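Asks:
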Ligand SMILES: Nc1ncnc2c1ncn2[C@@H]1O[C@H](COP(=O)(O)OP(=O)(O)OP(=O)(O)O)[C@@H](O)[C@H]1O
Ligand SMILES: Nc1ncnc2c1ncn2[C@@H]1O[C@H](COP(=O)(O)OP(=O)(O)OP(=O)(O)O)[C@@H](O)[C@H]1O
Ligand SMILES: [Mg+2]
Ligand SMILES: [Mg+2]
């Protein structure tokens, strides 16, 4: 794995994903059309039926696109660029996802299955929010401190898992699943405490983080696009460097690939378990921090949404490689942003996006299926990452 | 005794933990409290034979009594351990004693419907047991099954809708397994035929089912609720005589058909796994597929079959959520129990009874926290809700320790690959 | 405020969506009642990663004239948007509609004194109970939920006081708002079912679930065990669930989200949008009991009268629900 | 029963593993097949046994064409095979393993093991095996595991028995017994295909010898041919079988082990009161039957064993209780018994495998920064030095043959400054060419004044390399004898026989 970051990325490698995406959109479209009463009413006249179906799915997807990338309707005189608002939304959504995805990917490379990104995300968000609204510090410093606080708490929450596994052998899958629930309930509790209540209000919404702790906007006040996405990209490069260019990453990958040989070579597997989970936790924690400091600003019980689990999907979709994870997250960010608009414009239930996401991952993970559908015997494909099951 | 084996060290850690806990319980629950108030245990749910109706006892003395039992238990356990004998029974007694000691303390001045407490625990673990059985089925033959959640949800959806459309719980029950099987068919197809990473697959299938059910729920079940989502529910069937057995009767033998089928399923899976030709082959395929292949066993066909069956089990378990409990389907009503089931399977070391034990532990802990938060505790509600999850972590790290999955679990089998 | 011929009205719903059998549903239903006056549409926050700001932005971009935020989580997004777009009118359910303490011209808050109807429900429950034990539980421990529970407990206590009876309330203790019985989410039907079972085993024969759609589970248990009846929450449960359950709904505590939404839309259509905070009370019909439906016969007339009277008393302020 | 292969061809991608191979085995004939690593022997046999599908070629049993697509076809045709990598389920009992695939059930549907137990007993008695049907296979020594495989073949009365490197893991005694058994079977009419790298064995039992090189049959030979002739036929060049061990000065004690005891995870004592010294410039060989504690003893040398009592001193510093890394850094080179499992990471590149144990030291790393350029250059050198054959150091190690894999392990362990070399079964499964190389390296290290602790079950190897030989039996050292000991004496010692 000592290829430079970009060599693992070629246009040719994008053909399959593109086809996989098209395929998924097709099935999603079928679902939209066939569950649309206006379409079903025309079932008796084939032609009209197909027209209606096409229209139904077409409109939904047009809205999806407009909500995700570019919507001319938003352009105002002398402000054509406003049409790119949706793109900004997509990137805003992608930033935390990239970071959380990297968390899962890194742990995976070290032979650990981190289902706990959700909980680590929550603690990261909690810490960042607290530092963000409670303390007063100079601009910049405040931001850094808040982000670090989130990273630290996330890394503690994650490192705990590694430590438990190293010490007692408790399986990380069990522990992380349980810790996710614990983190959620802890969040619900702390939001009710006076420290986290807005003075004079009693609903569980933490005060907004102060301006001094917010990630700077990148494209002016018309867009929510903030430095979070840059942080995410930077961290992706960092993770790539850590995994492929450092002795620590070497240990991670070695222990992840073959514990016995690693032990024999003097690599301390307990060290790998603990530190890998700590780093993974830190990344997920940072994701939470970026979410709170970048676009969410106020801590709520739903702050983590489904990031921690989407993170697993994008990491696996990205074959546990940094670049792949970034690309996968961008795709998911766009789908997420588009979905809201799609529902607003065409009343298509937002959940269809889940179906599309699932199908995309499925087809990309199964190149042979796609190839056989599109008759592409020749196309060479990188083998997926091998699952080692539970024994790591 | 120097140089203990890892297993022994773990067991010793267990014994010491129990001993210390018992002592703490005796002091903390038995001696310190201001005393005075009574705790009342209720032992009757229905018109079963009444052994004792209620048992009223001083909270303090009860705590002492049970903590005492726990201490005895841990001493016995230690002696057993020295004698290198199994400490299962002793530890069971100790844990029970500890629990009762704690309960008597926590419920001072309160009424604890003991039978109901246990019955509730059982009910809460029903989906977990079905789920973990599905896990065991497929993972024993070497296919990692993270799709349990999806299989449960699919089963719940299908059985709910069908029961509603046909006004028949029977049809609901009959359809559920096939809904689960549809999901596990995808799992089998992609994992075995296209040898795709099974962990990715499991996750994605869950997402897929979430998406599909949410979508259809909004598009069909809400608008046309009266026809699509108003299913009937199963009534409990009392097993003649048995259900009257004091305490146990109403817990185990006054349940819906789903629960009875669960009993049979667990026993059947255990027996077939360890006593039959099918079981031998299944385990062989999960441990050393090449060896199985070299004696003429069709590895992938067997795996395919088992994964499908696993899906049917989980799917049937899903029916518990709808026809087994509330009738109508609710959005994402499995609420992550498929993952708890997954944990229970690992916790139970891929053995049917182990998984059942883990599921019961979780279900019971969950219901205990429910009952205690009703009778009233000073502990904030969110921390009460955490209890079962914390308990699981303690159990896993304190007593279970390192677990070993079937050797070939998660590894697709292709002939001629490197042996 | 803009005077569109037929104004474009958009609801920003919380993750529950129009089918949550709860406040989102009521809001949408309310909007439907005035379809003729405005063309109404809605968006739902993405349950996977709710991005309320994004949600509201998408409506602003969608050129809505009136945007109504439903669910307190959307508050801050609505506030921000209101400040940023003075030409668009906003309303926010479950929020007084103040931006850092001050009212602004294009934002109207819609709040509800649900503790009042909770109080009535508690009184009714206590009066109806044969065992003298009534129970309530919530989805998660948040004010919109606990306000109801608090009112319920106090109402039951009030009944006990004036009738010199001892009434036991399970699941919520006004003195200790950190504890109480909660499911932990709004989707675990079988947990809600088990909680109801546990209540019944503690002797409760009236249950007041404040957990949106989970009230279905309680109703199922009640129907199966015949040991309890259920008081629905937010909307009239009687019409929402299978007819098989009609026999278990003692009543429903209404939260007039729909009415308030309809009211705001009417004003908008008539070009009379204003920012006077709307508080739904028993007095203005913003909250209230739905009706006894099938159990009307079973509830003693005296009790029904007492409840009606108490309602008036609270409305006129002679009795306080706090 | 006779077996004939005609024009068997099999390629894996570009590589032709079998190139139209013809082969005929008569009834009751022991037919040896010789060839280097990767020559194509296992592939050929896997084809005969139905585990691989030939691209072309035909298989005749008793001169009638046989379709063999599945192992079940082979079994049905009376072909049995003992695989190079055993085909036993470790967590099953012997009986379960043997009944697998031929299950009989009782009337109540449960498995019927009684019949198979009886069969096992019958066969064991006939051939004087000591096998308990209810032992877990994972607890059995390799030698016994192999017996299980043979018993299985015999129970399902194989007329043609394929043995793929059966002696690679056996001791002299076990080997001789196995050879006797083979004779016995042959006399009763069973045809045997015997794959091995050990010419001595071939000369003892084989009736006929076929030599394969790079997938082609390059000739047949008679057992009378000399070992040198056979060797050069296999490798295609002249090879030295017995390296000359020049006399050399012996230095001070480098390694000294005192009263060592090792327990396994189940608390069973595996090694007890073991004491010995190894001096600089000396090769001490630990000989012994597989499963007498050598593996654990070897592992203990770098603290890979968990439950150890006693003392292991390298120079003046104690090893026991320290970390593995510490032991390695102290100057121990460790060549593990199983290169595939403990020695190499199959998904890692050759270069990465070359720095497994010292990636965080200079020159490879500065701080935590790995320097890929240096890693690569160093890899080029090391591999050239140790004559590893490969396309690129970035290729995954799994693309190398066993022999080359082993050279990579040696390259890694020996190209850093060490005082002691611990090598377990360094030539297991290797062909003569590779063995020659490994042996020369080990002696070279010795002559450079390093201490060598050699664990081997190969008599010839022990005698060829050792200055002194310690024999292990049942976890204890039975005796330490000079290398002038005769193979016979050594064999007896290994069998636990100490004569006054
Ligand atoms: N499944 C496979 N896929 C690709 N190549 C393979 C496969 N199996 C074997 N080969 C290649 O075929 C060649 C022959 O392998 P084979 O195992 O038959 O050699 P061998 O004679 O048994 O070697 P050894 O004496 O070490 O056992 C080797 O070069 C190997 O690289
Ligand atoms: N699936 C495969 N793909 C590529 N090469 C393979 C495959 N299977 C076996 N080989 C190679 O075939 C060659 C011979 O196979 P084999 O397993 O016999 O190795 P070996 O030389 O005998 O080493 P060992 O004795 O440790 O097995 C080795 O290089 C091995 O790596
Ligand atoms: Mg071979
Ligand atoms: Mg070999």
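Chains as they are written, first to last, in this note's numbering: chain A, 994 to 1385; chain B, 192 to 610; chain C, 991 to 1312; chain D, 176 to 675.
Glycine included, every Cβ here is placed at the ideal spot set by N, Cα and C.
It should be emphasised that the depicted structure is a prediction, and the values quoted were computed from it without experimental measurement.
Per the DSSP calculation, residue 187 of chain D is bridged to which residue(s)?
Replies: Here residue 187 of chain D corresponds to residue number 12 of the fourth chain, with the count starting at 1. Bridge partners of residue 187 of chain D: D:190.
Asks: Are residue 268 of chain D and residue 632 of chain D touching if we call contact CB-CB under 7 Å?
Replies: The residue given as residue 268 of chain D occupies position 93 in the fourth chain. The residue given as residue 632 of chain D occupies position 457 in the fourth chain. It is not a contact, given that the beta carbons lie outside the stated cut-off.
Asks: Does DSSP put residue 1073 of chain A in a helix, a strand or coil?
Replies: Along the first chain, read from residue 1 onward, the residue named residue 1073 of chain A stands at position 80. The answer is helix: DSSP assigns residue 1073 of chain A an H, G or I state.
Asks: What is the rounded straight-line gap between the Cα of residue 385 of chain D and the Cα of residue 639 of chain D?
Replies: The residue labelled residue 385 of chain D in the question sits at position 210 within the fourth chain. The residue labelled residue 639 of chain D in the question sits at position 464 within the fourth chain. Rounded to the nearest angstrom, the two C-alpha atoms are 27 Å apart.
Asks: Between A:1073, A:1185, A:1240, which lies nearest to residue 537 of chain D when the distance is taken from Cα to Cα?
Replies: The count along the fourth chain starts at 1 and reaches residue 537 of chain D at position 362. For residue 537 of chain D, the nearest C-alpha among the options comes from A:1240.
Asks: Identify the contact partners of residue 317 of chain D in chain A, using a Cβ-Cβ distance below 9 Å as the criterion.
Replies: Your numbering for residue 317 of chain D matches position 142 in the fourth chain. Under the 9 Å cutoff, chain A gives no residues; its nearest Cβ is about 18 Å from residue 317 of chain D.
Asks: State the Cα-Cα distance for the pair residue 1165 of chain A and residue 1105 of chain A, rounded to the nearest angstrom.
Replies: Walking along the first chain from the start, residue 1165 of chain A turns up at place 172. Walking along the first chain from the start, residue 1105 of chain A turns up at place 112. Each residue's alpha carbon lies about 7 Å from the other.
Asks: Can you give, in chain order, each stretch of the beta strand (DSSP E) that sits fully within the region 1194-1246 of chain C and has at least 3 residues?
Replies: Here the runs fully enclosed are 1196-1200, 1219-1224, 1239-1245.
Asks: Straight-line CA distance for residue 991 of chain C to residue 1032 of chain C?
Replies: One-based indexing of the third chain puts residue 991 of chain C at position 1. One-based indexing of the third chain puts residue 1032 of chain C at position 42. Any reading at residue 991 of chain C must be qualified, since the residue scores a pLDDT of 42, below 50, and its modelled position is unreliable; the value itself is stated next. About 21 Å.
Asks: Pick from B:558, B:203, B:335, B:320: whose alpha carbon is nearest that of residue 267 of chain B?
Replies: The sequence position of residue 267 of chain B within the second chain is 76, counting from 1. Here the closest residue by C-alpha is B:203.
Asks: Taking residue 1197 of chain A as the query, report the chain C residues whose CB atoms sit under 7 Å from its CB, ordered along the chain.
Replies: Position 204 of the first chain, counted from the start, is the residue given in the question as residue 1197 of chain A. Residues of chain C passing the Cβ test: 1132.
Asks: Use the C-beta contact count for residue 281 of chain B: other C-beta atoms within 10 angstroms, 16 or more gives buried, fewer gives exposed.
Replies: The count along the second chain starts at 1 and reaches residue 281 of chain B at position 90. Answer is buried; the Cβ neighbour count reaches 16.
Asks: List, in chain order, every chain C residue whose beta-carbon is nearer than 7 Å to that of residue 302 of chain B.
Replies: In the second chain, residue 302 of chain B corresponds to position 111, counting from 1. Residues of chain C passing the Cβ test: 1192.
Asks: Determine which residues of the region 1244-1258 of chain A have a Cβ less than 7 Å from any Cβ of chain D, and write them out in chain order.
Replies: Residues 1247, 1250, 1251, 1253, 1254, 1256, 1257, 1258.
Asks: Who pairs with residue 446 of chain B in a beta bridge, going by DSSP?
Replies: Translated into positions along the second chain, residue 446 of chain B becomes position 255. Answer by DSSP bridge pairing, in chain order: B:428.
Asks: Closer than 7 Å by C-beta to residue 668 of chain D: which residues in its own chain qualify, once you throw out the five before and the five after it? Chain order, please.
Replies: Position 493 of the fourth chain holds residue 668 of chain D. The residues are 646, 653, 654.
Asks: For residue 1178 of chain A, which residues in chain C fall below 8 Å Cβ to Cβ?
Replies: As a first step, residue 1178 of chain A is located in the first chain; it is residue number 185 there, counting from the start. The answer, in chain order, is 1174.
Asks: Check for me: the alpha helix (DSSP H) holding residue 1171 of chain A runs from which residue to which?
Replies: The sequence position of residue 1171 of chain A within the first chain is 178, counting from 1. 1165-1184 is the span of the alpha helix (DSSP H), which, as asked, contains residue 1171 of chain A.
Asks: Of all the residues that make up the region 524-548 of chain D, which are near chain A by a beta-carbon distance shorter than 7 Å?
Replies: Cβ contacts with chain A come from 531, 532, 534, 535, 540, 543, 544, 545, 547.
Asks: Using three-state DSSP, classify residue 262 of chain D as helix, strand or coil.
Replies: Walking along the fourth chain from the start, residue 262 of chain D turns up at place 87. Here residue 262 of chain D sits in coil by DSSP.
Asks: Look at the alpha carbon of residue 1020 of chain C and the alpha carbon of residue 1246 of chain C, and state the distance between them as a whole number of angstroms.
Replies: Stepping through the third chain from its first residue, residue 1020 of chain C is reached at position 30. Stepping through the third chain from its first residue, residue 1246 of chain C is reached at position 256. So the alpha carbons of these two residues sit roughly 9 Å apart.
Asks: Can you grab the Cα-Cα spacing for the pair residue 1263 of chain A / residue 549 of chain B, in whole Å?
Replies: To locate residue 1263 of chain A, count along the first chain from 1; it is residue 270. To locate residue 549 of chain B, count along the second chain from 1; it is residue 358. So the two alpha carbons sit approximately 26 Å from each other.
Asks: Let's test the definition: count the other Cβ atoms within 10 Å of the Cβ of residue 660 of chain D and tell me whether it reaches 16, buried, or not, exposed.
Replies: Taking the first residue of the fourth chain as 1, we reach residue 660 of chain D at position 485. Buried: at least 16 other Cβ atoms inside 10 Å.
Asks: Return the residues of the region 1015-1046 of chain C that lie within a Cβ-Cβ distance of less than 7 Å from chain B, sorted by chain order.
Replies: So nothing in the stretch comes that close.
Asks: Given a limit of 7 Å on CB to CB distance, which residues of the region 1183-1215 of chain C reach chain A?
Replies: Within the region 1183-1215 of chain C, no residue qualifies.
Asks: If we ignore side chains and look at the alpha-carbon of each, how far apart do residue 1336 of chain A and residue 1366 of chain A end up?
Replies: Counting from 1 along the first chain, the entry for residue 1336 of chain A is found at position 343. Counting from 1 along the first chain, the entry for residue 1366 of chain A is found at position 373. About 31 Å.
Asks: Out of B:218, B:298, B:295, B:319, state which residue places its alpha-carbon closest to the alpha-carbon of residue 544 of chain B.
Replies: On the second chain, residue 544 of chain B is found 353 positions in, with the first residue counted as 1. Minimum Cα distance to residue 544 of chain B is reached at B:319.
Asks: Looking at residue 1197 of chain C: is its Cβ nearer than 7 Å to the Cβ of residue 1220 of chain C?
Replies: Here the question's residue 1197 of chain C lines up with position 207 in the third chain. Here the question's residue 1220 of chain C lines up with position 230 in the third chain. Yes, Cβ-Cβ distance for residue 1197 of chain C and residue 1220 of chain C is below 7 Å.
Asks: Is the Cβ-Cβ distance between residue 1171 of chain C and residue 581 of chain B less than 7 Å?
Replies: Residue mapping note: residue 1171 of chain C aligns to position 181 of the third chain, counting from 1. Residue mapping note: residue 581 of chain B aligns to position 390 of the second chain, counting from 1. The answer is no: Cβ separation not under 7 Å.
Asks: At least one CB of chain A closer than 7 Å to the CB of residue 209 of chain D: is that the case?
Replies: Looking up residue 209 of chain D in the fourth chain gives position 34. So no, residue 209 of chain D is outside the interface.
Asks: Which of the residues in the region 1137-1171 of chain C, read from start to end, lie with their CB under 9 Å from any CB of chain B?
Replies: The residues in question are 1160, 1161, 1163, 1166, 1168, 1169, 1170, 1171.
Asks: So which residues on chain B does residue 1262 of chain A lean against when the C-beta distance must stay under 8 Å?
Replies: By one-based count along the first chain, residue 1262 of chain A stands at place 269. Within chain B, no residue comes near residue 1262 of chain A; the closest Cβ sits about 12 Å away, beyond 8 Å.
Asks: In chain order, what residues of the region 588-609 of chain B put their CB closer than 9 Å to some CB of chain A?
Replies: Those residues of the region 588-609 of chain B that come within reach of chain A (Cβ to Cβ, closer than 9 Å) are 588, 589, 591, 592, 593, 594, 595, 596, 597, 598, 599, 600, 601, 602, 603.
Asks: DSSP three-state label for residue 1135 of chain A, please.
Replies: Walking along the first chain from the start, residue 1135 of chain A turns up at place 142. Looking at residue 1135 of chain A - three-state DSSP - the assignment turns out to be helix.
Asks: Contact check, residue 354 of chain D vs residue 325 of chain D under 8 Å by CB: the rounded distance?
Replies: Here residue 354 of chain D corresponds to residue number 179 of the fourth chain, with the count starting at 1. Here residue 325 of chain D corresponds to residue number 150 of the fourth chain, with the count starting at 1. The pair is not a contact, with the Cβ atoms about 13 Å apart (cut-off 8 Å).
Asks: Run the CB neighbour count on residue 323 of chain D, radius 10 Å, all protein chains shown included, and call it buried at 16 or more, exposed below.
Replies: Translated into positions along the fourth chain, residue 323 of chain D becomes position 148. Residue 323 of chain D is buried by the Cβ-count criterion.
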